Structure formats: C-alpha cells, structure tokens
Amino acid sequence: MTERTSQRVFAGVFLAPAFFLFTGFVALPGARALLYSLQKWDGLGRAEWIGLENFARLFQQGDLFLKALGHNLFIMGAAGSSVIGLALLFAALLHRRIRGAQLFRVAFFFPNVIAAVAVALLWVLLYSTTHFGIVNAFLAQVQSGCHALGWTWPNWRLPVPFLDSRFLIYSVVPMIIWEVTGFYMVLFLAAMEGIPESYYEAAKLDGATGFQQFRHITLPLIREVLTVGLVFLMISTLKFFDAIWVMENQTPTRDSHVLATLLYQKVFTEYNVGYGSAVAVCLFVLVFLGTLVSLRLSRAERIEY
Amino acid sequence: MKQAAVWMSMNLALGALLCACDAIRPPADQSVGGALVEVAVFEGGYGIGWHQKIAQQFNDERRAQGVQVSLWGDPRVQDKIKPRLLRRDPPDLLLMHQLPFWLLVSAGKVLPLDEALNQPAYGAEKPWRECFLPGMLQSYTSGGKVYAVPSSLGAWACWYDARLFREHGWSVPSTWGEFESLCERIQEAGIAPLAFQGKYPRYAWFTLTALIQRCGGLAAINRDNRMDAGAFSHPDVVRAAGLLQSLAVRFFQPGAMAMTHTESQLQFVNNRAAMIFCGLWLVNEMKATIPAGFEMRCFNVPLVEEGKGNPNLFNGMGLEYVFVPTDARHPKEAADFARYLVSPRNAPDMGRSIGVISPLRGGTPRDTVGPPLQSALDMIERAQGFFNDRLSDLMLAWDNQVMQPNLAALLRGAMTPEAFGAALDAGIAAARRNPDLVIPEYLPFDPVAFGETP
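Taken in order, these protein sequences are the chains called P and B.
Just so it is clear: in the first sequence, position 278 is 278 by the numbering used here, and no numbers are missing.
Just so it is clear: in the second sequence, position 207 is 207 by the numbering used here, and no numbers are missing.
Structure (structure tokens):
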C-alpha cells in the first residue's frame with residue numbers, strides 16, 4: 001500500500017462514522033421528505049404521486065402558508081434586530097470593562113442554558129391573565145399609580161391577553177430577546193476581545209469618541225462573527241417552533257402559526273404528510289438561500305490586521 | 001480496490017444496523033399454545049390502574065385457555081402507535097381518542113366489531129350491542145358496521161359550586177333568560193360569572209352545539225352534521241351563535257381568552273369564577289385541587305325561549321373508544337377483551353374506582369359515584385337521549401383553520417353571528433371540494449324518538 005493510499009484509508013476511517021450518520025439520519029430522510037412533498041399521503045394508506053400539487057396548494061389554500069411565513073419574517077425582523085442590537089451594545093459595554101462585567105456576562109447568558117420549553121412555560125406564567133401574571137400585575141400597578149396622580153392616561157383594558165392567539169406573535173418577541181441575547185453577546189464579546197488594544201489607543205490619541213471607535217474599529221473587525229451571528233439568528237427564527245407550540249397548547253391558529261408549527265400540525269394532527277413535507281422543503285430552501293446570501297455578503301471586503 | 005471494499009463493508013454494516021432497528025419488535029406469541037393479547041391504552045386523567053386490574057381479572061379467568069392480556073398505557077400512546085400501524089405491527093386492541101379514526105377505517109386498518117357485539121355481554125343476558133345507551137354506537141358506524149365502541153360517556157354541562165350558590169341565594173336556571181339574569185347577579189356580587197378555557201376555543205363549540213339544538217332542535221343538528229349547504233347560516237344557528245357571543249362578551253372572566261383549561265378550571269374551583277362549561281371529566285381532572293367545602297354540581301344547558309329543541313336532551317358522546325386494528329395478531333381474543341372491559345359486569349366498578357360514567361344503559365349505579373357525578377347522572381337520566389356534532393372529528397383541517405379561529409373571533413365579539421355562520425359554511429364547502437375527504441354516511445337523530453316535533 002502506498003503512503004498516499006494508506007493516508008486515504010486513514011482519512012476514510014475517521015470520516016466514515018460522520019458520513020454514515022449524516023447519510024442515514026439527515027440526507028436520506030431529507031430526500032424522503034422531498035419525495036413525500038410530491039405525493040399525496042395521509043401517513044396511513046397508500047401514497048399517490050401528484051407532482052408539484054402540494055406546492056401549488058401552499059399558495060392556494062387560503063393564505064395560511066404565507067401568513068405563517070410572514071410571522072417568521074416578523075420574528076426575524078423584530079426579535080432579530082433587537083437581539084443583534086442589544087447583544088452588540090452589551091458586548092461593547094462589557095468589552096469596556098464596566099463595573100460588574102463578569103456578573104452581567106453570566107446573568108445575560110443564563111437564560112440561554114434553560115430549555116426552550118421551560119422558557120416558554122415561564123413566560124406563560126409571566127403573561128398569565130390570572131393573579132399569577134406578573135406582567136399584568138405590573139401594568140395594573142402602573143395604571144393605578146398614574147390614576148392616583150390624577151392622570152387620565154393610561155386606560156388599558158386589563159388584564160391584557162398576551163397569550164391570545166391574536167397577540168402571541170408579538171408576545172414572543174420579548175421572550176426571544178430575553179432568551180438569546182446573552183448567547184450573541186458572548187459570541188460578539190469573544191470577537192471583540194481578539195481586537196488588539198493598540199488600535200483603540202491609537203484612535204484615542206487621534207481624538208476618536210467611543211462611538212467612533214465602535215463604528216470604525218470594532219464593527220469592521222468583528223464583521224465575520226457578526227455575519228455568523230446573523231446566519232444563526234436567521235436559521236433559528238425560521239425554524240422557530242417550541243414557544244408557539246407550548247404557548248398555544250399544541251393548537252396554533254392562523255393568527256399564530258409559524259412555518260414549523262404549520263408543518264407539524266399538517267403532518268401530525270391533520271395527517272396531510274404531502275402538504276407538510278412541501279412546507280418543510282420550502283423551509284429548507286429559505287434557510288439555504290438565506291445562509292448563502294449572508295455568507296456571500298460576509299466575504300466582501302475582508303479586513304485583516 | 002481495498003478502499004472500495006472498506007467503503008462497501010461500512011455501507012453494509014450501516015444497512016444491517018438499520019434493518020436490525022426495524023427488526024426489533026415483539027415476536028408473534030404463538031408458542032405458548034394460546035394468545036398474548038397486547039392492549040394499548042391512553043393514560044389520561046383516569047390513569048390505567050383500573051384497566052390493569054380488569055386485565056388481571058381477565059387473565060385469571062382465561063388462564064386455562066391460555067389467553068393472556070398485556071396492557072400498557074402512555075399519555076402519548078397515539079405517537080407510539082402510529083409507526084406500528086404503518087409497519088403493520090399494531091397492538092391487538094387500542095383504547096384511545098387521538099387517532100384519526102375515520103382515516104384509519106377508510107384505509108382498511110380497523111376491523112368491524114359486529115361479531116362481538118352480537119355475542120352476549122358479560123354480566124347481562126342480552127347481546128353486547130343492546131347494552132349500550134341508544135345512539136352510543138352511531139358515531140362509530142359506517143356501512144352498517146360498527147368499528148369501535150366507547151368505553152366512557154361524555155356529557156357537556158355547566159358546573160357550579162352549590163355552596164357558593166346557597167350562600168348568595170342563587171338558584172339553578174332553567175331558561176336561557178334566567179341564566180343571563182343569574183350571570184348579572186353573580187357579576188353584581190363581584191365574581192366573574194363564567195370561567196372559560198380560551199386557549200382552546202373548541203370548548204365553546206360544545207356549548208354552541210347544545211345551543212343550536214336548543215334553538216333549532218335536532219333538525220338543526222342533523223343539517224349541520226349532514227353538511228347541508230348553508231347549514232350554519234340558518235337562522236337557528238345564527239341565533240345560537242348570537243346567544244353564545246352575548247354570553248362571552250358580557251360574562252366571561254376578563255382575560256379568559258388567554259387562559260388554558262387548567263388555569264380557567266382553577267379559577268372556577270377557587271371561586272374566582274362562579275360557573276364553567278365543561279365535560280364530565282372536569283371532576284376527575286380537578287379532584288386534587290378542589291378545596292374543602294366546594295360542592296361541585298352541574299346542570300344541563302338551559303332551555304332557550306321559543307326554541308324548537310327538547311331541553312332535556314344533552315350534548316353527549318362516547319369517549320375513549322376501543323377498536324381492533326386489522327393487523328392485530330389476535331383479533332378475536334382482543335374483541336373478547338373489549339367486550340369484557342366495557343361490560344355490565346365491570347361498569348359499576350369503573351364508576352366506583354375511577355369515577356367514569358359508563359356508556360352502557362344503567363351501567364353506573366348512583367351509589368358508585370360521588371355527588372358531582374350524581375348530578376350529571378340526574379341530567380342524563382332526565383334525557384330521552386343525546387346528540388352531538390361530528391364535523392370537528394371528520395374535518396381536521398376545517399376544525400383547525402376555520403372553526404376554531406372563527407369561534408374565537410365570535411367569542412371576542414370581533415365577528416357577527418351571521419359572518420360566523422357564513423365563514424363556517426364557506427369552510428365546509430371548500431373542505432368538501434377535497435376528493436380525499438372521508439365522510440362516512442350520517443345516521444340522523446330522530447326528533448320524534450327524542451321527544452321533539454319535527
């Protein structure tokens with residue numbers, strides 16, 4: 001056996017487990033899902049080939065799919081922009097070694113280690129319209145305090161039904177921000193810590209303000225990590241499922257569906273495997289395209305130091 | 001060459017591993033000279049302790065014949081069963097309610113139980129079929145064959161705390177007008193009149209179905225169940241929807257639309273709300289949280305003034321149905337155990353042990369259940385029969401995407417009753433255009449037999 005062949009075998013042995021696992025548990029089921037999306041199947045009887053009909057139905061059957069997609073995009077925009085903005089802000093502050101930086105780092109990261117379902121259940125209690133609901137109790141205190149001062153505002157109709165299907169998509173935004181900001185903060189902070197201190201010292205000597213340092217030194221130099229963060233966030237908001245499923249008690253409606261809950265409901269409660277698989281294929285294409293675009297953008301103007 | 005051999009052997013190993021996973025299944029038990037009947041049970045609020053006790057009793061009696069039952073339960077039993085139904089390796093008998101029953105029947109995956117139904121019932125000298133309350137098997141019948149039998153009786157009622165009512169001098173209403181006046185008096189006393197499980201708008205569907213019967217009689221129920229064109233835009237249904245909407249907007253507890261069933265039911269048992277519409281399962285579901293002195297009782301949905309329906313009828317249904325999959329290994333023995341489990345002999349013990357009302361005629365003697373279910377038995381005994389809707393079980397997508405969201409909008413006051421009826425009709429028309437929709441024949445409720453004028 002030549003050295004080159006033995007190297008190939010050696011590499012093959014190491015790659016084989018990952019290759020087989022990926023093939024068996026990701027690639028083949030993925031291909032099967034693509035096949036299902038071209039079939040009419042209730043998961044119980046015989047499957048029937050119907051071509052692209054399931055994809056056509058996504059846009060024909062009311063606006064359910066588009067509504068769900070719109071909710072995903074709303075979460076991506078509202079929660080995503082807040083998360084990135086706050087994570088950058090907190091990371092920049094911690095990078096400046098403000099007092100209690102270590103404590104803040106742990107405190108902000110803490111929600112990220114809690115299971116997503118537990119986080120959702122926690123926020124169900126916070127938003128509750130019964131006497132357990134801290135958010136409504138707080139709003140009631142604010143309202144009565146203002147009225148005690150003689151103000152006529154606010155006049156909220158309390159308790160606010162945050163968990164009502166109509167408001168759920170808005171109600172999950174603060175929860176997502178609370179849950180994931182810490183993770184992105186740590187990600188950005190790690191990138192910031194890798195920037196040589198001499199750049200900031202030079203900027204200070206040139207009279208740059210804190211914001212100018214952030215704008216012209218920090219941001220360009222963490223650009224790649226920022227892009228990775230954006231890709232993560234985009235994927236996670238497109239795949240968003242747990243909180244809606246828990247907060248809607250497994251019965252989301254068109255007011256609260258996101259793509260993943262729609263997929264699940266179609267396949268597992270309505271037994272429309274073909275339609276559900278078509279949603280899954282669209283979800284995959286969206287994530288794939290979004291990731292490609294983000295990566296392409298990140299490659300432009302690479303800055304090295 | 002060697003490299004190719006390594007890759008090929010690894011592929012074969014993976015294939016063998018995957019095949020082995022599929023091969024791990026319980027062996028067909030023919031070797032013991034008898035039959036090991038596997039029974040899978042939904043493990044809900046009632047648990048499976050009683051079912052296991054009956055299985056043990058059955059095993060003791062059948063030991064000589066070599067027939068033994070192995071009964072297991074799980075709260076997510078349906079998720080475990082689906083792949084087994086697909087690979088044609090299901091348990092012999094299933095007791096649950098969360099599988100798409102009519103899809104299974106149309107896919108040929110359920111065996112008719114008629115042979116067992118024609119045999120004598122355990123503990124009675126008549127065929128098993130004749131022991132059920134009238135109409136109880138109707139929901140599981142298609143093409144003259146009965147594919148399942150219910151193991152318990154569900155009924156829709158309005159629950160209240162008799163002690164709270166006594167303290168305030170309130171009495172049980174007999175008409176809808178009295179019911180609304182009662183709600184006003186409760187509100188004046190500073191208590192929310194009605195708790196509601198708003199996260200599940202479906203709960204109001206049962207109340208609406210009862211109101212439809214009260215307003216339009218069984219003819220209206222038949223129109224809806226047959227899916228007649230414009231059935232939900234009929235003035236009787238629109239009137240019923242209007243009554244429900246008025247009740248919700250004026251008397252539901254603030255924030256009710258965001259409450260889960262447990263939250264709202266806790267509000268009720270803690271007297272933060274005076275009444276709640278719910279099924280008979282409420283008693284069991286809340287038994288651990290009912291405070292001392294709370295006297296849970298129920299009454300039927302009151303008569304609607306100038307309505308056409310017999311007010312003694314109740315919205316009822318068979319629950320937790322039992323059926324034998326086509327691919328069962330021991331279908332005869334499984335059907336025999338079903339006949340044993342849901343029998344006049346064991347029904348009183350079911351009431352006594354787990355507080356479940358039997359779907360069998362006289363199956364639950366009054367002294368076997370506590371006062372809350374006794375009040376339900378009073379309601380059931382006064383009725384000539386019961387009625388129910390079948391659409392939400394038949395049209396799963398319509399239920400999720402049309403009925404529930406529109407019902408929620410109606411309850412919030414965001415939609416007129418007329419628009420609600422029109423939306424439901426439009427949804428049904430759209431659903432019926434789907435050629436794959438399985439609609440079993442409908443056996444209508446007979447108004448005359450149920451004390452109504454047609």
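All residues carry an ideal CB built from backbone N, CA and C; glycine is no exception.
On a predicted model such as this, the values are computed, not experimentally measured, just so you know.
### Query
Asp206/P to Thr23/P, Cα distance in whole Å?
As a first step, residue 206/P is located in the first sequence; it is residue number 206 there, counting from the start. As a first step, residue 23/P is located in the first sequence; it is residue number 23 there, counting from the start. When rounded, the distance between both Cα atoms is 56 Å.
### Query
Given that Asn400/B touches chain P, what residues does it touch there, using C-beta distances under 8 Å?
Numbered from its first residue, the second sequence carries residue 400/B at position 400. For Asn400/B, the neighbours in chain P by C-beta distance under 8 Å run, in chain order, Thr251, Thr253, Gln265, Thr269 and Glu270.
#### Entry: N-terminal and C-terminal residue of the alpha helix (DSSP H) that Asp224/B is part of
One-based indexing of the second sequence puts residue 224/B at position 224. Arg202 to Arg226 is the extent of the alpha helix (DSSP H) around Asp224/B.
### Task
Using a Cβ cut-off of 7 Å, pull out every chain B residue sitting near Gly45/P, in sequence order please.
Numbered from its first residue, the first sequence carries residue 45/P at position 45. Simply Ala107.
### Query
For Gly230/B versus Asp425/B, is the C-beta distance shorter than 9 Å?
Here the question's residue 230/B lines up with position 230 in the second sequence. Here the question's residue 425/B lines up with position 425 in the second sequence. In contact: Gly230/B and Asp425/B (Cβ atoms closer than 9 Å).
### Message
At the 9 Å Cβ level, is Ser37/P part of the contact set with chain B, yes or no?
### Response
The residue you call residue 37/P lines up with position 37 of the first sequence. False, the Cβ-Cβ gap to chain B never drops below 9 Å.
### Query
What does DSSP give as the partner residues of Lys145/B in its beta bridges?
Start at 1 with the first residue of the second sequence, and residue 145/B comes out as number 145. Looking at the DSSP output, Lys145/B bridges to Ser142/B.
### Message
My output table needs one value for Asn400/B: the three-state DSSP class, helix, strand or coil.
### Response
Residue mapping note: residue 400/B aligns to position 400 of the second sequence, counting from 1. Here Asn400/B sits in helix by DSSP.
### Message
Counting only Cβ pairs nearer than 8 Å, list the residues of chain B close to Lys40/P.
### Response
Translated into the one-based positions of the first sequence, residue 40/P becomes position 40. Per Cβ cutoff of 8 Å: Asp436.
### Query
Leaving out five residues before and five after Asn118/B in sequence, what residues of the same chain have Cβ atoms less than 6 Å from its Cβ?
Sequence index remark: in the second sequence, residue 118/B carries index 118 (1-based). Excluding positions up to five away in sequence, the list reads Pro127.
### Task
Indicate whether at least one CB of chain P lies closer than 9 Å to the CB of Met259/B.
The residue labelled residue 259/B in the question sits at position 259 within the second sequence. So, interface residue.
### Min CB distance Pro134/B to chain P below 9 Å
In the second sequence, residue 134/B corresponds to position 134, counting from 1. So, not an interface residue.
### Contact with chain P by Pro440/B, beta-carbon distance below 9 Å
Reading the second sequence from its first residue, position 440 is the one you call residue 440/B. False, the Cβ-Cβ gap to chain P never drops below 9 Å.
### Task
Identify each residue in the stretch 159-177 of chain P for which the Cβ-Cβ distance to at least one residue of chain B is less than 7 Å, and report them in chain order.
Considering only beta carbons, the part of the stretch 159-177 of chain P lying closer than 7 Å to chain B consists of Pro159, Pro161, Phe162, Leu163, Asp164 and Ser165, in chain order.
### Query
Any C-beta of chain P sitting closer than 9 Å to the C-beta of Tyr200/B?
Taking the second sequence and counting its residues from 1, the one referred to as residue 200/B is at position 200. With a threshold of 9 Å between beta carbons, Tyr200/B makes contact with chain P.
### Query
By a C-beta neighbour count over all protein chains shown, 10 Å radius and 16 as the cutoff for buried, is His131/P buried or exposed?
The sequence position of residue 131/P within the first sequence is 131, counting from 1. Answer is exposed; the Cβ neighbour count stays below 16.
#### Entry: Neighbouring residues, chain P, relative to Gln460/B (Cβ below 8 Å)
Residue 460/B lies beyond the residue range present for chain B, which begins at 1 and ends at 454; the question has no answer from this structure.
### Query
Mind checking if Arg272/B is an interface residue toward chain P, Cβ cutoff 9 Å exclusive?
On the second sequence, position 272 is the one that residue 272/B refers to. Answer yes: the Cβ-Cβ gap between Arg272/B and chain P drops below 9 Å somewhere.
### Query
What three-state label does DSSP hand Pro372/B in the structure shown?
Counted from its first residue, the second sequence places residue 372/B at position 372. In this structure, Pro372/B counts as helix in the three-state DSSP scheme.
### Query
beta strand (DSSP E) containing Asn54/P: first to last residue?
Locating residue 54/P in the first sequence gives position 54, where the first residue counts as 1. Run containing Asn54/P: none in the beta strand (DSSP E); it sits in the alpha helix (DSSP H), Glu53 to Gln60.
### Task
Name, going along the chain, the residues of the stretch 128-161 of chain P whose beta-carbon falls closer than 9 Å to a beta-carbon of chain B.
When CB distances to chain B are screened at a threshold of 9 Å, the residues of the stretch 128-161 of chain P falling below it are Ser128, Thr129, Thr130, His131, Phe132, Gly133, Asn136, Arg157, Leu158, Pro159, Val160 and Pro161, in chain order.
#### Entry: Inter-residue spacing [alpha-carbon to alpha-carbon] between Gln52/B and Asp236/B
Here residue 52/B refers to the residue found at position 52 when the second sequence is read from its first residue. Here residue 236/B refers to the residue found at position 236 when the second sequence is read from its first residue. For the pair Gln52/B and Asp236/B, the Cα-to-Cα distance works out to about 46 Å.
### Message
Please classify Glu320/B as buried or exposed, where buried requires at least 16 other C-beta atoms within 10 Å of its C-beta.
### Response
Numbered from its first residue, the second sequence carries residue 320/B at position 320. Counting of Cβ neighbours within 10 angstroms places Glu320/B among the buried residues, the total reaching 16 or more.
### Query
In this structure, does DSSP put Gly47/B in helix, strand or coil?
Translated into positions along the second sequence, residue 47/B becomes position 47. Here DSSP, grouped into helix, strand and coil, assigns Gly47/B to coil.
### Query
In terms of alpha-carbon separation, which member of Val342/B, Lys332/B, Phe252/B and Arg272/B lies closest to Gly413/B?
The sequence position of residue 413/B within the second sequence is 413, counting from 1. Selected option, being the one with the closest Cα: Phe252/B.
### Task
Return the Cβ separation of Gly316/B and Asn222/B in integer angstroms, given the expectation that the two are a contact with Cβ distance under 8 Å.
For the purposes of this step, residue 316/B is taken as the residue at position 316 of the second sequence. For the purposes of this step, residue 222/B is taken as the residue at position 222 of the second sequence. Between Gly316/B and Asn222/B a beta carbon distance of about 16 Å is seen, past the 8 Å cut, so the two are scored as non-contacting.
### Query
Sorted by chain position, which residues of the same chain lie with C-beta nearer than 8 Å to Ala203/P's C-beta, five sequence neighbours on each side aside?
Within the first sequence, residue 203/P is the residue found at index 203, counting from 1. Closer than 8 Å at Cβ, skipping near neighbours: Gln212, Gln213, His216 and Ile217.
### Task
Taking only runs that begin and end inside the stretch 308-370 of chain B, name each unbroken alpha helix (DSSP H) of 4 or more residues, in chain order.
Fully enclosed alpha helix (DSSP H) runs of 4 or longer: 331-341 and 347-354.
### Contact set between Gln265/B and chain P, taken where Cβ atoms lie within less than 7 Å
Within the second sequence, the letter at position 265 stands for residue 265/B. Within chain P, no residue has its CB atom less than 7 Å from the CB of Gln265/B, the nearest being about 11 Å off.
### Task
Starting from the Cα of Gly45/P, find the closest Cα among Phe165/B, Ala124/B, Lys80/B and Trp102/B and give me that residue.
In the first sequence, the residue the question calls residue 45/P occupies position 45. With distances taken between CA atoms, Gly45/P lies nearest to Trp102/B out of Phe165/B, Ala124/B, Lys80/B and Trp102/B.
### Query
If you follow the alpha helix (DSSP H) that Trp128/B is part of, which residue opens it and which one closes it?
Locating residue 128/B in the second sequence gives position 128, where the first residue counts as 1. From DSSP, the alpha helix (DSSP H) with Trp128/B extends over Trp128 to Cys131.
### Query
Taking just the CA atoms, how far does Leu189/P sit from Leu94/P?
Residue mapping note: residue 94/P aligns to position 94 of the first sequence, counting from 1. Residue mapping note: residue 189/P aligns to position 189 of the first sequence, counting from 1. The alpha-carbon of Leu94/P is positioned some 8 Å away from that of Leu189/P.
### Task
Specify the secondary structure class of Phe288/P as computed by DSSP and reduced to three states.
Working through the first sequence from its first residue, we reach residue 288/P at position 288. Annotated three-state conformation of Phe288/P is helix, per DSSP.
### Where the beta strand (DSSP E) containing Leu99/B begins and where it ends
To locate residue 99/B, count along the second sequence from 1; it is residue 99. Where Leu99/B is concerned, there is no enclosing beta strand (DSSP E), given that its DSSP letter is neither H nor E.
### Query
For Trp156/B, does the three-state DSSP call read helix, strand or coil?
Sequence index remark: in the second sequence, residue 156/B carries index 156 (1-based). Looking at Trp156/B - three-state DSSP - the assignment turns out to be strand.
### Task
Would you check if the stretch 87-94 of chain B and the stretch 37-47 of chain B touch, i.e. whether three or more CB-CB distances between them fall below 8 Å?
Yes, the stretch 37-47 of chain B touches the stretch 87-94 of chain B.
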